[in-house]
Amino acid sequence: MTQDIPSPLVLEIENLSIEARANDSWSGIVNGVSLSLRRGEVLGLVGESGAGKSTIGLAALGYLRPGARVAGGAVRLEGQDLLALPEAARRPFRGTKVAYVAQSAQAAFNPAHRLMDQIVMVAVERGGMTRAAAEERAVSLFAALQLPEPDRFGRRYPHQVSGGQLQRAMVAMAMMCNPALIVFDEPTTALDVTTQVEVLISIRRVIEEFGVAAIYITHDLSVVAQIAHRVAVLRYGAVVETAPIGRIMAAPEHPYTRSLWAVHELSVSHEAAAGHDTGEALLSLENLSARYGDFEVLSDISLTLGRGETLAVVGESGSGKSTLGRVITGLKAPSAGRARYAGAALPERVSRRPKALLRRIQIIYQSADTALNPRQTVRKIIGRPLALYHGLRGRAREARLMELLRLVELDPAHADRTPGQLSGGQKQRVAIARALAAEPELIVCDEITSALDKVVQAEVLRMLMDLQARLGVAFFFITHDIEVVRAIADRVVVMERGRIVEQGSRAQIFAPPHAPYTETLLASVPEMAPGWLDRIIAARA
Amino acid sequence: MNRTTHPILSMVLSRLGLGLLSLVIVSLVIFSAVSFLPGSYAAAILGQNATPEAVAAMERQLGLDQPWALRYASWLATAATGDLGMSFSGRPVVDVIGPRLANTLTLAAITAAIAVPLAIGLGIACARWRGRLIDRVLSTTTLASISVPEFFVAYVVMMIFAVKLQLLPSMAGIRNGMDFGEQLIRMILPILTLLLVILAHMLRNTRAAILSVMASPYVEMARLKGEPEARVVMRQALPNAIGPIASVVAINLAYLISGVVVIEVVFVYPGVGQAMIDAVRNRDVPVIQACALIFAAAYIGFNLLADILSIVSNPRLLHPR
Amino acid sequence: MKESHFRKAGRARVSRRHFLAGSSALAALGAAGGLPLPLRAQDGTPAQGGTLRLGLHNASQNDSLDPGSWSTSWTGASFNGGIYNNLVEILPDGTVAGDLAESWEAGEGAVTWRFRLRPGVTFHDGKPLTPEDVRQSFLHHMKPDSTSGARAIVDQIASIETEGEDMVVFTLAEGNADFPYLLSDYHLSVLPALEGGGIDMQSGNGTGAFLLDSFEPGIATRLKRNPNYHKPGKPHVDEVEFISIPDATARLNALLTGEVDFIQDLDGRNIPLIERSPDYVVQRVPSLRHFSFDMDTTVAPFDNPDVRMALKYALDREDIIEKVFLGEGRPGNDNPVAAIMPFHHEMPQRSYSPEKAREHLAKAGLDSLTVDLSVAENAFPGAIEAAVLYQEHAARCGITINVVREAADGYWENVWLKKPFCGVDWFGRPTLDWLFSTIYTSDAPWNTGWSNARFDELHALARAETDEAKRREYYAEMQEIIHAEGNTLTVAFVDWRSAVSTRAGFGEVGGLLPLDNMRISERMWAES
Amino acid sequence: MNDSIATPSAIPGRLTRARRALAGAPLTARFGMVVVLAYVIVAVFAPFIAPYGEVEVVSRVPFDAWSAAHPLGTDQLGRDFLSRLIFGARNSISIALATTLISFALGCLTGMFSALAGGIVDQVLSRFVDALMSVPDLIFILMILSIFGSSVPNLILIIAVLTSTRFFRISRAAALNITSLDFVEAAKVRGETLLWIAVHEVFPNILPLMLSELGMRFCFIFLSIAALSFLGVGIQPPTAEWGSMVRDNAALFSMGDITPLIPAASIAFLAIAVNFVVDWLLSRASGLQDEV
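Residue numbers (this note's numbering), protein chains in the order written: chain A, -11 to 529; chain B, 665 to 985; chain C, 174 to 701; chain D, -1 to 290.
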C-alpha cells in the first residue's frame, strides 16, 4: 500500500522534548523528537519499554501524564499547535479530531457504564450528533469491526465482553467522530495471538475505509510490519531511524535498529540439545485432571518429561497450562489421575512433600516483580534456599551466592540491591538464581520471558539453555509464544481448554500435518514480512 | 430480569444470615460478660437498703438464681420471637429504651441528613480541585477536627454559643411538653458537635476514594476523550467510588447511633448510649442486651446497606456474565 | 456569705428539741406538727409562684412509682417529697412533726402506736384520705416477697389496724421509742388504696404538694402545684421540674446557663468558682454522711483493741480534710453518730498522735505493724487519695499500710464486708437505734465482727426506754464504747453541697436526708 | 518512565535514603515530625522540665489564676497546672503508645495468620472480629473495666484487644493481597513455615501501610483514652492525664477561663502532628512502586 500523491499533513511533531520528575529532579524522557504524518498514513512507533513511545503518542493528543512536563517543541494537529494552548482549549480536540486507543481496553473502559454510553458520549456532547444518530453510527461501526450482534453489543457492560471485542469496541469509540488522527498504543499486546489477528484485521480495515492517519505504537516488529507505512524507531526518548516499512525491514541502517531486528529471530540455536532425552522419565503424569469448583480446568492430561529435557507447554490464556504447572509444584491438588516423580508417586500437596523433594522441583514465575519480595535484598532472596536446603551459612553461603550470581551473569555487586533497583532482565536472572540455588532437577518455568523485551528475552533463553547443558536440569516450560517454543523445546505439548490437543517432538509439532488447533495457532503468529496480514485477509475473503 | 435480582438477593440473604449470626455472638458475649460482672441488679438497685433477704427475694423474682446458661437460653428464645422482654424494673424493655432510641434516632437522622451530603459534596470538591486552596484548607481543617477529642469540641461549642453568646441552651435534653421547634433549637449544639466530628471523617474518605479511582486508566481515557475535569470526577470516578464511600458513611451512621455517649453526657441528651451505660451500672441484663443488639444491628445493617449499594453501583456484581 | 451563715446554723444546732414519747411531749409535738411551718426566711420572705428547676444526678430509667423500689434522692425528692406525704415529716431542724398524721401516741413500752389522721386531707383526685389508704400503703412493703427498701422498718411492725374514720394503730414486735422517726422514711409514702387491697402505683395520685404532670424515667419529672394542699402556704412554686443531669460538669453548666436553679452534689472542685460569682450560692447542709475505714474485728491484727486504737491515732483527719476534701467536711471522731443527730454525744476530738499510736502498738506487743487497706474510687469520694495520705501518716507511727486499690464496680459486693480493712461511704440513719441495729450491734447485718455485750445491752434498753434522759445516758455510753474500741475509724463527716441560683430561695434546710429531707420541692421558692 | 532504573549508577545506603526521604517530605510532615519529637522529649524528660511534681500540691488556692510562679495557674487541688500538663504528656503518650504497640502486634499477627491460613480458621477469626467490631468499643470497655477494675494495665489491655480488630482487618486484607503474589507462593513451594512467611515475606510488605495505620490508631487510642478519662473510667487520679485534666477543670471553662482547653489542645496538636506524618507515610506507601 503506497501513497504516491502527498496528502495533507495531519500531525507534525517538531523537536518535542518532555521531562519527567524523578526524585527531585527533572529528566528528559522525550528528547527532541520530530515526526510528521499525512492523511491516510500509518506511522509505526517501535522501541523497547521505556523508550518514550507512549509519551509521544499521548503528546499527539496534547496530553501529558501527571508528573511530566513539556520542555520544548510543538505538536501541530492540522496546523494548530496543541502545546501552545491551555489545557482547557486542548480538550475539544480530543475525541473529535484526535482519538486514542489504549493498550488494555479492559482497563480503559469504565466498568460502571454501558459500552454504548461510553462510545457515543463524545459524539453526542461535542460531535454535534443526536443520541440516535450516534448510536446508529456506533452500530454500523460495530458491524464494520465484525463485533457480534452489533445491534445489542452496546448494551453490555465492559466486563461482559471479551478482551478482543473490547479492543475493537475501543477502536469503534475512537472512530465515532471521524477523527483525523488515531493513536493506537499497543492495542494487541495484551491479547492472545489468535485474538490479535482479528483485532489487527479490524484496525487495518477501519484505517483503510475511513482514511484516517494513525500512529501505531508497538514493540512487536512483526505487527508493525503488517500495519504501518513508515516506522520510527525510538531509543531513550529519541528517534533513531525513520524509514518506510519496506526499507527498514529489508535494510535497517542504524545499528540499534539492526539489533532489534536481529533478536527477533531468536538466535538460540538449540538443535544440538534435541537429542539429550535420556529416556529416563523424571516426571510423568497419567490421566490427570483438576478442577476449580465445578469447572474442570485440566482434563485427562498425560505426559512425561525426561531428565535434562525441555518440555514446552504451549497454549493460549485459559488453556490450563499454568494450572498444570501448579499441579506439578503441588500448589493445586489434582482431582483425578496420578503424578510420578523419579519413579515414585508425587505427593499432591506441598505440605505433604518432604523438603528434599521440594528442593528438587523449583519454579520460576512470569513476573519477577511479583515473584521477588520487593523488601528483600538479592542476597536474602538467593541466600534463603541455600540456608534452607543446604544449611549453608556465613562465608560458605556467601561464596555460593557469588557463584550463583556469576552463573546467571549478574554483577556480584548487585547482591545488596533490592528488586526495585534492578531491571526486568536482571530480576528474572535473580529469580533463576534462586531456583538454581536449590540445585533442582526440574524447574517449572511459567511464561518466564513474556514480560521481557525481545533483546533481553533472547539473552535469558540462551542462558537457560547453557545452564541446562551444564547442570542437566529439566525445564517444564510454559509459554504462549510459538517463537520461544521453536527456539528451545525438545518436546512440545499443545493445550487447549484444559486438554492436550497434540504432543510430540519439536520437529513433529512444527512440521505438517498439524492438529486443527495447532494449525490455527501457528497461522496466527504474525510473520516478519509485510503482507502477511494481507494474505490472511485475502484468504478469508 | 431474574438474572439481575438474583445475585443481590442471594448476597443479601447470606449477609443477613451472617448478620444474625453476629448478633447471636454479640448477645452471647455481652450476656456472659454481664454475668461475669460483680454484683447484681438487686444489689445495685437496693443500694444501702440491700439486706441479704431483700437481695435474695429480688433475685428470685427476677430469676437471677437460675444458672446463666438457662437464663441465656430463655432470653434467646423470647428474643427470637422479637420480644425484648421485661426490664428488671418491671417495665417492658421497649418502653425503657423506646423514647431514648427515638431521641437518638432523631439526633442521628438530622445530623446525617446534613453531614452526609455535605461531606460527600465537599469530598468531591476536594478531589476535583486537589492540591488547590479549597483542598488544602479542607484537608488541613478536617485533619485537625478528627484530631480533636469530641468532648473538647463539645465544650468549645458550648462555651461559645451557650455560655458566652447565650444564643442557645446548653442542655439538649428533650422533655415532654417541648414543641418540635424548641427540641430542634436544643439539638443544635449536639448536632453541630457531631457534624464537626463525623463530617471530617467522611469527607476525607470520600476524597481518598475518588482519588484512588482517579488513577485508573479509564479516567485517563476519559481525559483523552476530552472530558472536562469536573465531569471526569462526577461521571467516571464517582460511580466507581460509591462502594468505599458508602462503607465509610455506614460506619459513621452506626457511630451516630451507638457512639455518641460523650455528646449525650456533655449536653445531657437522653439517648440510648446513656441508657446502656445506666443499664450496665444497674446490671439490668434485658436492657443491656437490647441496647447491644440495637447497636450491633445498626452496625451490621448499615454495613449491609453499604454493601448492597456498592453492588448496585457496580455492574460487574450486578450483571455477572 | 449566705452559705457560711448556714454552716454556722448547722453547727450551732447541736442541742435540739428532742422527740419524747409520752403524752405530754406528744401533745406538744402534735401541736407543732399541726402548725404552719415557721418560715425562717434566710433569703427574704418566700415568693409565691414561678417555676423551680432542679438539676439532680441519680435518676434512672428504671425508676417507677412503686415506693418500695425507690433508692435514690431523685425518687425520694420527686415522688415522696413532691407528690406524696408520710404520716410524719422531719423538719429542717431535725424534729419530727405530723404530716398526714395530726397527732400520735405511744402505748406502754412503745409497742403500740396510734396515729390520728389530719382531717380534710384529700388525694389529688379529690378522694379523702382514709386509714385504709395508710394501712394498704404499709402492707405494700410488708408483703412476704417484698423487695422494698423499707423492709428493715416494716419488719418491726407486727400488725397494722384501722380504727374509725381517722385512726391507724401499729403494733410493733418489740418496743421502739423512735418509731415515728422511722415513719418519715421516704419509702413509706401514703398512696391511695385500691378496691380489694393494694395501692395505686400507676396514676401518681397522692396527697402531696404537687400533681404529677409528666414523668420520663431517667430524664425528667414535672410537677404542678396542688391547689388543695393541706399545708397552708405550701408549696411556694406553681411548677417544679426535676431534671436528670448525671454529669457534674454538665450540671454546673446547666446552672451557669440558667437551665436549672439548683444543682445537687456540687463537685468540691467547683466550689471556689461558684463562690466567686454573685449569682450563685453554695448551700452546705450538715449531713449524716460520713466516710470511714472499717475493720473486721474477727481478723488479726484487728481483733486486738490496741491495734485498732493505734490505727485510729495514726490517722491525721485534718490533713485529709484539707487536702482531699479541700476543707469541706468535719473530722470524724471514731463515732458514727453525726452531730446533728438526736442523742449525739460530744467527746474530745481524737487527733493524730504518733506517740499514742506507738504506745498502743507497744501495748499490743508489737514494734511495727503491716496492714492492707482496701479502697476503690467509689469507696467514698477521694478514698484513694485519703488512703494514700493515711499511709503517709501511719508510716510515721511505725505502721505500714499497703493501699490495695480495688475495682470500683463490684466494690460493695466483693470488698466491703469481705476484706478486713476497707473504706466505706455511710449515708447514716436518722435515729441512733436504726443506725446501731443496722451496723453495730452484734446481730446487725452490716457488722464486721465487732461485738460488745454492754453495747448490745444498752441498745436494747434504749430502744424500749421512753424517758429521754435515760435514753440520752444509754446512747452516750454506747458512743463512748464505739469511740474507745469500735471497729470504725471515721475519717470525716461531709455536708450536702448544692449550688443555688439567686433566682431561687430557701429557708432552713434539713440534712438527715438529702434534698432538704427529700421535701425540697415544697420548701424552696423561685422568683416569679 | 522508570527506565532509569535499568541503569542505576549508585545505590544509596539506608541512611542516605532515609535522609533523602525526609528531605522530600512535605512541610506538613516535617512539621508533624518536629512536633512529635518535641512531645517525646517533653515526655521523656518530664521530671526535669516540670517546675513542680506531678501530684505536688503547691498552692492553697485551687484554680489559681496564671502567674509567674504558676504560668498556667493551679488546678482544682492547687497543683501546678503546667507541671501536670508536662507529666500528662508522659502518662498519656506512654499509655497510648503501649496500647497501640500491643494492639499492633496482636492484630498484625492474627491478621496475617488468618490470611495465610485461610479456610475455616480465617472464617472463624473473621466472624469473631466482625462481632467484636459491631459492639461499640465504649460499652465493651466499660464492662471489661467493671469486671477487672479500672487500672492502667487493664485499660491498656482492653483497648489494645479492641483496637487490634482494626489492625486485624487491615493486615488481613493487605496480607491477602500479598499472599496472592508469587513470592509467597514460591516460599510455600520452598517449604517455608507459615510463621516464617508471615514474618519474612508478608510483614515487610504490609509494613508501610500498617505503619500509617499505626499512626492513625495511635491518635484514635489517644483520643479514646482521653474520652474514657473524661467519662471517669479511664486513667484514675492522681495520675496526670490530659483527658481527665480537661474534665477536672472543665468548670473553669464554664467561667470563661481557657486553661482547661490547653490539655485538650495538647491532645489535638499531637494528633494533628501524627496525622500529618501518617498522611505522608500513606502517600509514600501508596506510591510504593515509585519509591526506589
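The beta carbon of each residue, even a glycine, is placed where N, CA and C say it ideally should be.
(request) Count the other CB atoms, across all protein chains shown, that sit within 10 Å of the CB of residue 199/A; report buried if there are 16 or more and exposed otherwise. (result) Here residue 199/A corresponds to residue number 211 of the first sequence, with the count starting at 1. It is exposed - the Cβ of residue 199/A has fewer than 16 other Cβ atoms within 10 Å.
(request) Identify the continuous beta strand (DSSP E) that holds residue 544/C and give its terminal residues. (result) Indexing the third sequence from 1 puts residue 544/C at position 371. Per DSSP, residue 544/C belongs to the beta strand (DSSP E) from 542 to 548.
(message) Measuring straight from C-alpha to C-alpha, what distance separates residue 756/B and residue 764/B?
(response) Sequence index remark: in the second sequence, residue 756/B carries index 92 (1-based). Sequence index remark: in the second sequence, residue 764/B carries index 100 (1-based). Answer to the nearest angstrom: the Cα atoms are 14 Å apart.
(request) Return the first residue and the last residue of the alpha helix (DSSP H) that residue 203/A is part of. (result) Position 215 of the first sequence, counting from 1, holds the residue named residue 203/A. That residue, residue 203/A, is in no alpha helix (DSSP H); its beta strand (DSSP E) goes 201 to 206.
(message) Taking the alpha-carbon of residue 343/C as reference, which of 351/C, 331/C, 350/C and 354/C has the nearest alpha-carbon?
(response) As a working note, residue 343/C is residue 170 in the third sequence. Looking at the Cα atoms, 331/C is the closest of the given residues.
(message) Is it buried or exposed, residue 517/A, if we count other Cβ atoms within 10 angstroms and call 16 or more buried?
(response) Counting from 1 along the first sequence, the entry for residue 517/A is found at position 529. Classification of residue 517/A: exposed, given that the 10 Å Cβ count is below 16.
(request) For residue 668/B, count neighbouring Cβ atoms within 10 angstroms of its own Cβ and tell me buried if that reaches 16, exposed if not. (result) Residue 668/B sits at position 4 when you count from the first residue of the second sequence. Low confidence applies to residue 668/B: its pLDDT is 46, below 50, so where it sits in the model is not reliable, and the reading given next is rough at best. Its Cβ having fewer than 16 others within 10 Å, residue 668/B is exposed.
(message) So, for residue 288/C: in the same chain, excluding its five sequence neighbours on each side, which residues have a beta-carbon less than 6 Å away from its beta-carbon?
(response) Mapped onto the third sequence, residue 288/C falls at position 115. Within the same chain, residue 288/C has close Cβ partners 260, 274, 277 and 341.
(request) Could you please tell me which residues of the segment 900 to 922 of chain B, in chain order, have their CB closer than 7 Å to any CB of chain D? (result) 922
(message) What does the alpha-carbon distance come out to for the pair residue 858/B and residue 788/B?
(response) Indexing the second sequence from 1 puts residue 858/B at position 194. Indexing the second sequence from 1 puts residue 788/B at position 124. So the alpha carbons of these two residues sit roughly 21 Å apart.
(request) Return the first residue and the last residue of the beta strand (DSSP E) that residue 261/C is part of. (result) In the third sequence, counting from the first residue as 1, residue 261/C sits at position 88. Segment 261 to 263, the beta strand (DSSP E) holding residue 261/C.
(request) Tell me the start and end of each unbroken beta strand (DSSP E) in the segment 326 to 397 of chain C that is at least 3 residues and wholly inside, in chain order. (result) Counting only runs of 3 or more, we get 330 to 336, 340 to 345 and 383 to 389.
(request) Report the neighbours of residue 351/A on chain D: residues whose CB is nearer than 7 Å to its CB, in chain order. (result) Looking up residue 351/A in the first sequence gives position 363. Identification of chain D residues near residue 351/A by a Cβ-Cβ cut-off of 7 Å yields 184 and 187, ordered along the chain.
(message) With a threshold of 7 Å on Cβ separation, who are the neighbours of residue 201/A within its own chain once the five nearest residues in sequence on each side are excluded?
(response) Locating residue 201/A in the first sequence gives position 213, where the first residue counts as 1. The answer, listed in chain order, is -2, -1, 25, 26, 27, 28, 29, 168 and 169.
(request) Within its chain, find whatever has a CB closer than 8 Å to the CB of residue 183/C; leave out the 5 residues flanking it on each side and keep chain order. (result) Locating residue 183/C in the third sequence gives position 10, where the first residue counts as 1. With a pLDDT of 28 at residue 183/C, under the threshold of 50, the modelled position of this residue cannot be trusted, and the question is left open.
(request) Return the CA-CA distance between residue 79/D and residue 37/D, expressed in angstroms with no decimal places. (result) As a working note, residue 79/D is residue 81 in the fourth sequence. As a working note, residue 37/D is residue 39 in the fourth sequence. The straight-line gap from Cα to Cα measures roughly 17 Å.
(request) Run the proximity test for residue 966/B: is its beta-carbon closer than 6 Å to any non-hydrogen atom belonging to the ligand SAH? (result) Within the structure as shown, the ligand SAH is missing, as the structure has no ligands at all.
(request) May I ask which residues mark the beginning and end of the alpha helix (DSSP H) holding residue 919/B? (result) Numbered from 1 along the second sequence, position 255 holds the residue referred to as residue 919/B. Counting along the chain, the alpha helix (DSSP H) containing residue 919/B begins and ends at 902 to 922.
(request) Thinking residue 547/C and residue 577/C are a contact (beta carbons under 8 Å), I'd like their distance in whole angstroms, please. (result) On the third sequence, residue 547/C is found 374 positions in, with the first residue counted as 1. On the third sequence, residue 577/C is found 404 positions in, with the first residue counted as 1. Indeed, because the Cβ distance is near 5 Å, the residues count as touching under 8 Å.
(request) Have a look at 323/C, 471/C, 242/C and 383/C and flag the residue whose alpha-carbon is nearest the alpha-carbon of residue 591/C. (result) The residue given as residue 591/C occupies position 418 in the third sequence. When only C-alpha atoms are compared, the closest one is 471/C.
(request) Could you list the residues in the segment 195 to 210 of chain D with a C-beta less than 8 Å from some C-beta on chain A, going in chain order? (result) 198, 199, 202, 203 and 205
(request) Report back the beta-carbon spacing between residue 196/D and residue 110/D to the nearest angstrom; my notes put them in contact at under 8 Å. (result) Translated into the one-based positions of the fourth sequence, residue 196/D becomes position 198. Translated into the one-based positions of the fourth sequence, residue 110/D becomes position 112. About 4 Å separates the two Cβ atoms, so the contact holds.
(message) Taking CB distances under 7 Å as the criterion, tell me whether residue 317/A reaches chain D.
(response) Locating residue 317/A in the first sequence gives position 329, where the first residue counts as 1. By this cut-off, residue 317/A is an interface position.
(request) Find the residues of chain D that neighbour residue 41/A, judging by a C-beta separation of less than 9 Å, and give them in chain order. (result) Along the first sequence, read from residue 1 onward, the residue named residue 41/A stands at position 53. Going along chain D, no residue has its Cβ under 9 Å from residue 41/A, so there is no contact; the nearest lies around 11 Å.
(message) I'd like to know whether the C-beta of residue 890/B is nearer than 7 Å to at least one C-beta of chain A.
(response) In the second sequence, the residue the question calls residue 890/B occupies position 226. By this cut-off, residue 890/B is an interface position.
(request) Just tell me which of 239/A, 428/A and 439/A has its CA closest to the CA of residue 412/A. (result) Working through the first sequence from its first residue, we reach residue 412/A at position 424. Ranking 239/A, 428/A and 439/A by Cα distance to residue 412/A puts 439/A first.
(request) Would you mind reading off the limits of the alpha helix (DSSP H) that contains residue 872/B? (result) Counting from 1 along the second sequence, the entry for residue 872/B is found at position 208. It spans 844 to 878 - the alpha helix (DSSP H) in which residue 872/B sits, taken as one unbroken run.
(request) Please determine if the segment 225 to 233 of chain C and the segment 406 to 416 of chain C are in contact, where contact requires at least 3 C-beta pairs separated by less than 8 Å. (result) yes
(message) Quick check on residue 554/C: does DSSP put it in helix, strand or coil?
(response) For the purposes of this step, residue 554/C is taken as the residue at position 381 of the third sequence. Residue 554/C: coil per DSSP, three-state reduction.
(request) Could you spell out where the alpha helix (DSSP H) holding residue 152/D opens and where it closes? (result) The residue you call residue 152/D lines up with position 154 of the fourth sequence. That run of the alpha helix (DSSP H) goes 150 to 177.
(request) Can you have a look at residue 660/C and say buried or exposed, based on whether 16 or more other CB atoms are within 10 angstroms of its CB? (result) Your numbering for residue 660/C matches position 487 in the third sequence. With 16 or more Cβ atoms within 10 Å of its Cβ, residue 660/C is classed as buried.
(message) Taking the straight line between their C-alpha atoms, what separation do you get for residue 95/A and residue 883/B?
(response) Looking up residue 95/A in the first sequence gives position 107. Looking up residue 883/B in the second sequence gives position 219. Roughly 10 Å separates the two Cα atoms.
(message) Going by C-alpha to C-alpha distance, which of 146/A, 161/A, 114/A and 147/A sits closest to residue 129/A?
(response) To locate residue 129/A, count along the first sequence from 1; it is residue 141. The candidate whose alpha carbon is nearest that of residue 129/A is 161/A.
(message) Within a Cβ cutoff of 8 Å, which residues of the same chain sit near residue 502/C, ignoring the five residues on either side of it in sequence?
(response) Reading the third sequence from its first residue, position 329 is the one you call residue 502/C. Hits under 8 Å: 494, 665, 666, 667 and 668.
(request) Work out the CA separation of residue 901/B and residue 886/B for me, nearest whole Å. (result) Here residue 886/B refers to the residue found at position 222 of the second sequence. Here residue 901/B refers to the residue found at position 237 of the second sequence. So the two alpha carbons sit approximately 10 Å from each other.
(message) Please list, in chain order, the chain D residues whose beta carbon lies closer than 7 Å to that of residue 964/B.
(response) The residue you call residue 964/B lines up with position 300 of the second sequence. Residues of chain D whose Cβ lies closer than 7 Å to the Cβ of residue 964/B are, in chain order, 132.
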